[in-house]
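Engineer:
Numbering (the working numbering), first residue to last: 2 to 705.
#1: Note down, in chain order, each residue of its chain lying with its Cβ closer than 6 Å to the Cβ of residue 383, except the 5 sequence neighbours on either side.
#2: Contact defined as beta carbons within less than 8 Å: I believe residue 534 pairs with residue 503. What is the distance between those atoms, to the nearest angstrom?
#3: Could you check if residue 235 is buried or exposed, using at least 16 other CB atoms within 10 Å of its CB as the buried criterion?
#4: Between residue 471 and chain B, is any beta-carbon pair separated by less than 8 Å?
#5: Give a yes or no on contact between the stretch 348 to 366 and the stretch 197 to 208, applying the rule of three or more CB pairs nearer than 8 Å.
#6: I'd like the list of long-range same chain contacts for residue 630, defined as Cβ closer than 7 Å, with 5 residues on each side in sequence excluded.
#7: How big is the Cα-Cα spacing for residue 171 and residue 371?
#8: Would the stretch 385 to 393 and the stretch 298 to 312 be scored as touching if the rule is three or more Cβ pairs under 8 Å?
#9: Where does residue 129 fall in DSSP's three states?
#10: May I have the straight-line CA-CA distance separating residue 217 from residue 262, to the nearest angstrom?
#11: In this structure, what does DSSP give as the bridge partners for residue 386?
#12: Is residue 635 near residue 541, with beta carbons less than 8 Å apart?
#13: So, at 6 Å on beta carbons, what are the nonlocal neighbours of residue 574 in its own chain, with the 5 sequence-adjacent residues on each side left out?
#14: Could you name the residues of the same chain whose beta carbon sits closer than 6 Å to that of residue 398, not counting the 5 residues immediately before and after it, in chain order?
#15: Determine the contact status of residue 617 and residue 603, defining contact as a CB-CB distance below 8 Å.
#16: Between the alpha carbons of residue 659 and residue 675, how many angstroms are there, rounded?
#17: Which of the three DSSP states, helix, strand or coil, is assigned to residue 124?
#18: Taking the alpha-carbon positions, what's the residue 455 to residue 442 distance?
#19: Just the C-alpha distance for residue 160 and residue 255, rounded to the nearest angstrom, thanks.
#20: With a 10 Å radius around its C-beta and 16 neighbouring C-beta atoms as the bar for buried, classify residue 227 as buried or exposed.
#21: Helix, strand or coil for residue 70 per DSSP?
#22: Please classify residue 235: does DSSP put it in a helix, a strand, or coil?
#23: Are the CB atoms of residue 124 and residue 103 nearer to each other than 8 Å?
#24: Could you spell out where the beta strand (DSSP E) holding residue 439 opens and where it closes?
#25: Going by DSSP, what residues sit across from residue 528 in a beta bridge?
#26: Within this structure, are the beta carbons of residue 133 and residue 150 separated by less than 8 Å?
#27: So, at 6 Å on beta carbons, what are the nonlocal neighbours of residue 623 in its own chain, with the 5 sequence-adjacent residues on each side left out?
#28: How many whole angstroms separate the CB atoms of residue 381 and residue 296, which I take to be in contact at a CB cut-off of 8 Å?
#29: Can you tell me whether residue 292 is helix, strand or coil according to DSSP?
#30: Can you tell which of 440, 449, 154 and 213 has its C-alpha closest to the C-alpha of residue 197?
#31: Give the single residue among 73, 184, 366 and 252 whose Cα lies nearest to the Cα of residue 156.
#32: Out of 537, 663, 67 and 189, which has the shortest C-alpha to C-alpha gap to residue 138?
#33: Roughly how many angstroms lie between the CA atoms of residue 642 and residue 258, to the nearest whole one?
#34: Can you tell me whether DSSP reads residue 575 as helix, strand or coil?
#35: Quick one: is residue 439 buried, meaning 16 or more other Cβ sit within 10 Å of its Cβ, or exposed?
#36: DSSP has residue 541 in a bridge; who is on the other side?
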C-alpha cells in the first residue's frame with residue numbers, strides 16, 4: 002500500500018516535467034489556454050523539489066539552458082554564438098543537483114563551456130573559455146565534472162619542461178598548459194575531471210630519484226672556477242640544441258671542501274659531468290700555475306692587500322678605511338704605484354692587482370690558489386647601497402615690543418648768560434635716541450615715532466640741529482620662520498657620502514701693508530672661504546641582520562644679519578654614531594630654546610612714579626623661541642629593482658613639478674617653455690661576446 006502511494010505521488014511530477022520539456026522543444030504553436038497551462042505547470046515544477054526526468058530530443062540549446070535555469074535557480078548569460086540542438090534523455094528520475102552537471106556535459110559535447118562567476122554563469126564557445134575568469138587552485142582540486150578551472154602545480158623533483166610534452170596530448174586543443182622554468186611550475190586550464198586525471202599522472206611521475214644528486218671532490222683545481230666553466234658550457238649547449246624540455250642541471254660549488262654539488266633530472270648528464278671534471282682536475286704544469294681572477298664588486302688594489310697579508314701573515318700597511326674627512330691612500334695612489342707595491346712573494350706565491358681591468362693575477366700552487374679563490378669568492382660580494390633621507394626642521398618665533406618717551410630743552414643754548422638745558426637720553430646708537438634724531442632724523446628705527454620740533458638750534462662744535470623737544474616711540478614686531486631641509490644621499494656600504502647646500506662665504510683673516518722705499522702703499526688681505534648652509538656627511542655600514550650603523554656629521558649654519566662686529570655665523574652641528582633598522586626613522590638630536598629679555602632705561606625716582614613715570618623711561622621686551630629637530634631614515638638597496646623603484650619615484654616627482662610650472666602667455670614676450678624631461682626607462686644591459694668570466698658569488702649555476 003505504501004509503495005502504491007509513493008508511485009502515485011512521483012508519477013504526476015514526472016509526467017508534468019515531461020510535458021513541460023516537450024513543450025519547450027516543439028515550435029511555438031500554442032493557444033492561449035496552452036500557454037496558461039504551461040505557466041501553471043512551470044510554477045508547479047519549480048515548487049517541487051523531487052527528482053526529475055529529462056527528455057530533450059533535438060531541443061534548442063538556449064531553451065534547454067532556460068529550463069535548467071528554472072530548475073536550478075541559476076542565472077545564465079548566453080553568447081550569441083551558442084546555437085544548435087541537443088539530446089538529453091534519462092530513463093529514470095535524476096536528483097535536481099545533477100541537472101546542472103548533465104547540462105555542462107551536454108554543452109561540452111557541442112563545443113561550449115560554462116564560466117561560473119559571482120551569481121551568473123556565462124555560456125561561451127570552448128575556444129574562449131581559457132581567456133575568461135575561472136576558479137584557480139593549487140595542488141588540491143575540489144571541483145569535479147565538466148567545469149573549467151585553472152591549476153598552478155609546482156613540481157618537486159621532475160622537470161616541468163620535460164613533463165609538458167607528455168601532458169600536452171592529454172589536454173583538448175582549445176585548452177591550455179604552460180610551464181614556468183624558473184619556478185618549475187605547470188599552469189593548466191582544463192575541465193575539472195581532466196585536471197584530476199592529470200594530477201594523478203603528475204603525482205606518479207614527480208617522485209624523488211636516487212641518482213639525481215652527486216658529490217664530486219676536486220684535488221687540484223678550484224671548485225668555483227670549474228662551476229663557472231661547466232655551468233656556461235651546459236647552459237650554452239642546451240640553448241644551442243634548442244631543447245626547451247632538456248633536463249635541468251644545477252651545479253653548486255662548496256668552497257670549504259673544494260667540491261661540486263651536482264643535481265640533474267637526467268642521470269646521464271651527471272655521468273657526463275663527472276668525466277669533464279675528471280679531465281679538468283689535473284695538477285698544473287710547473288711554471289704554468291698563473292691565474293687571472295676578474296672581480297665584479299671589490300676593488301683589486303684593496304683585495305690584493307688583504308690576500309698578501311694572508312700569505313705573509315702580516316697586517317696590510319696603511320689604514321684600511323678612510324676617516325670622515327679624508328680619503329684612503331689606495332684610492333689616491335697611482336695605478337702603477339699600487340700595482341707594484343702590492344706584489345709580493347710568500348712560499349712561491351705572488352699576487353698582482355691590475356687596476357685597468359680590476360682583476361687579480363695570482364701565481365701560486367694549486368692548494369694555495371684554491372684557498373685564496375675561496376676567500377676571493379667571499380669578499381667579492383655585491384655591496385649593498387644605502388639611501389639616506391634626512392629631515393632638518395627649524396621653527397623660530399621672535400616677538401619684540403618697545404615703548405618710551407624722551408624729551409629735551411635746548412632753547413637756552415643760544416642765549417647769553419647762564420641758562421638751563423637738559424632732558425632724557427636713552428639708547429644711543431640704537432635708532433631710538435632723541436639726540437641722534439635731532440642730528441639726523443634718518444637714524445630713527447622702524448615703528449611709530451612722534452616728535453615735537455621747534456625750529457633749529459646751533460650747538461657749538463656740533464652744528465645746526467633740530468630743536469626736537471620730545472620724542473615718543475612705539476614698536477611691536479612678530480617674526481616667524483619655518484625652515485625645512487630634506488637632503489638625500491645615496492652611497493655604497495661603508496663608503497662616505499657628503500652633501501653641501503649653501504654658500505661659500507669669504508672671511509677676512511688678516512691684512513698687511515708694505516711701505517718700503519716706494520711711497521705707494523701695497524696693502525693685501527688674507528681670506529679664508531667657508532661653506533655656510535647645510536652640510537651632511539654619512540658613512541653607513543650595513544649588517545646582515547638588516548640594521549644600519551651610521552657615522553653622521555650634520556651641520557646647519559647661517560649668517561647673522563645686522564652685525565657691527567664682523568661676520569657672525571649661527572652654527573648648529575651633530576657628530577654622532579647611531580644604529581637604526583632598515584626603513585625606520587630615528588631622531589638624531591634637537592634644540593628647544595626659549596629666550597626672554599626685558600629691559601628698562603629710566604630716570605631714577607621719576608621713572609618709578611605710576612603713570613607719570615612713563616615720561617622718564619623707555620621699556621623693551623623680546624622673546625625668541627627656537628625648535629630644531631633632525632630626523633634620519635636609511636633605506637638599504639640590495640638589488641637593481643629597489644634602486645630602479647627609488648630612482649623612478651624621485652624622477653617622476655621632478656617631472657611632475659616641471660609640468661606644473663608653466664609661463665603665462667604674453668602678447669609681447671616670446672614663449673620660453675622648457676622641454677619636458679623624458680620618461681625614465683632603464684635599457685637592458687648589453688650582452689658582451691668576449692666578456693671575461695665573473696666570480697660565482699658562491700651561488701648555484703643552473704643550466705636549463
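In this text, a Cβ means the ideal position worked out from N, Cα and C, and glycines have one as well.
Structural biologist: Quick answer:
#1: Within the chain shown, numbered from 1, the residue matching residue 383 stands at position 382. Result list for residue 383: 298, in chain order.
#2: Indexing the chain shown from 1 puts residue 534 at position 533. Indexing the chain shown from 1 puts residue 503 at position 502. At roughly 1 Å, the Cβ-Cβ gap stays under 8 Å, so residue 534 and residue 503 are in contact.
#3: Locating residue 235 in the chain shown gives position 234, counting from the first residue. By the 10 Å Cβ count, residue 235 comes out buried.
#4: Note that chain B does not occur in the displayed structure, where there is just one protein chain.
#5: Under the Cβ criterion (8 Å, minimum of three pairs), the stretch 348 to 366 does not count as touching the stretch 197 to 208.
#6: In the chain shown, the residue the question calls residue 630 occupies position 629. Apart from the 5 residues on each side of it in sequence, residue 630 sits with its Cβ closer than 7 Å to the Cβ of 394, 588 and 591 in its chain, given in chain order.
#7: As a working mapping, residue 171 is identified with position 170 in the chain shown. As a working mapping, residue 371 is identified with position 370 in the chain shown. Annotation: residue 171 to residue 371 spans about 51 Å, alpha carbon to alpha carbon.
#8: no
#9: Taking the chain shown and counting its residues from 1, one reaches residue 129 at position 128. Residue state, collapsed to three classes: helix.
#10: Within the chain shown, residue 217 is the residue found at index 216, counting from 1. Within the chain shown, residue 262 is the residue found at index 261, counting from 1. Using only the alpha carbons, I get a separation of about 7 Å.
#11: Within the chain shown, numbered from 1, the residue matching residue 386 stands at position 385. In the DSSP output, where bridge partners are listed per residue, residue 386 has 493 and 638.
#12: As a position in the chain shown, residue 635 is number 634, starting the count at 1. As a position in the chain shown, residue 541 is number 540, starting the count at 1. Yes, they are a contact pair.
#13: By one-based count along the chain shown, residue 574 stands at place 573. Cβ neighbours of residue 574 beyond the five flanking positions: 556.
#14: Against the chain shown, residue 398 aligns to sequence position 397. Counting only Cβ-Cβ distances below 6 Å, and skipping sequence neighbours, we find 481 and 626.
#15: For the purposes of this step, residue 617 is taken as residue 616 along the chain shown, with counting starting at 1. For the purposes of this step, residue 603 is taken as residue 602 along the chain shown, with counting starting at 1. Closer than 8 Å, so yes.
#16: What you label residue 659 is simply residue 658 of the chain shown in a count that begins at 1. What you label residue 675 is simply residue 674 of the chain shown in a count that begins at 1. Their Cα atoms are separated by approximately 8 Å.
#17: Position 123 of the chain shown, counting from 1, holds the residue named residue 124. Residue 124 falls in the strand class under three-state DSSP.
#18: Residue mapping note: residue 455 aligns to position 454 of the chain shown, counting from 1. Residue mapping note: residue 442 aligns to position 441 of the chain shown, counting from 1. Roughly 14 Å between the two C-alpha positions.
#19: Position 159 of the chain shown, counting from 1, holds the residue named residue 160. Position 254 of the chain shown, counting from 1, holds the residue named residue 255. Looking at the two C-alpha atoms, the distance is approximately 24 Å.
#20: In the chain shown, counting from the first residue as 1, residue 227 sits at position 226. So residue 227 counts as buried.
#21: Locating residue 70 in the chain shown gives position 69, where the first residue counts as 1. DSSP, read as helix, strand or coil, puts residue 70 in helix.
#22: What you label residue 235 is simply residue 234 of the chain shown in a count that begins at 1. Here residue 235 sits in helix by DSSP.
#23: Counted from its first residue, the chain shown places residue 124 at position 123. Counted from its first residue, the chain shown places residue 103 at position 102. Contact: no.
#24: As a working note, residue 439 is residue 438 in the chain shown. Residue 439: not part of any beta strand (DSSP E); member of the alpha helix (DSSP H) spanning 435 to 440, first to last residue.
#25: Position 527 of the chain shown, counted from the start, is the residue given in the question as residue 528. The partner list for residue 528 (beta bridge, DSSP) reads 509.
#26: Position 132 of the chain shown, counted from the first residue, corresponds to residue 133. Position 149 of the chain shown, counted from the first residue, corresponds to residue 150. No. Outside cutoff.
#27: Counting from one through the chain shown, the residue named residue 623 turns up at place 622. Within its own chain, the residues whose Cβ lies closer than 6 Å to the Cβ of residue 623, once the five positions on either side in sequence are excluded, are 401 and 598, listed in chain order.
#28: Stepping through the chain shown from its first residue, residue 381 is reached at position 380. Stepping through the chain shown from its first residue, residue 296 is reached at position 295. By a beta-carbon distance limit of 8 Å, residue 381 contacts residue 296. Their separation comes to about 5 Å.
#29: Numbered from 1 along the chain shown, position 291 holds the residue referred to as residue 292. DSSP places residue 292 within a strand segment (E or B) once states are collapsed to three.
#30: Within the chain shown, the letter at position 196 stands for residue 197. Comparing Cα-Cα distances from residue 197 to each of 440, 449, 154 and 213, the minimum goes to 154.
#31: If you number the chain shown from 1, residue 156 lands on position 155. Closest by alpha carbon: 184.
#32: Within the chain shown, numbered from 1, the residue matching residue 138 stands at position 137. Ranking the options by Cα distance to residue 138, first place goes to 189.
#33: Along the chain shown, read from residue 1 onward, the residue named residue 642 stands at position 641. Along the chain shown, read from residue 1 onward, the residue named residue 258 stands at position 257. Straight-line Cα distance between these residues: approximately 34 Å.
#34: Here residue 575 is taken as the residue at index 574 of the chain shown, counted from 1. For residue 575, the three-state secondary structure derived from DSSP is strand.
#35: Working through the chain shown from its first residue, we reach residue 439 at position 438. That one is buried.
#36: The residue labelled residue 541 in the question sits at position 540 within the chain shown. Paired residues: 551.
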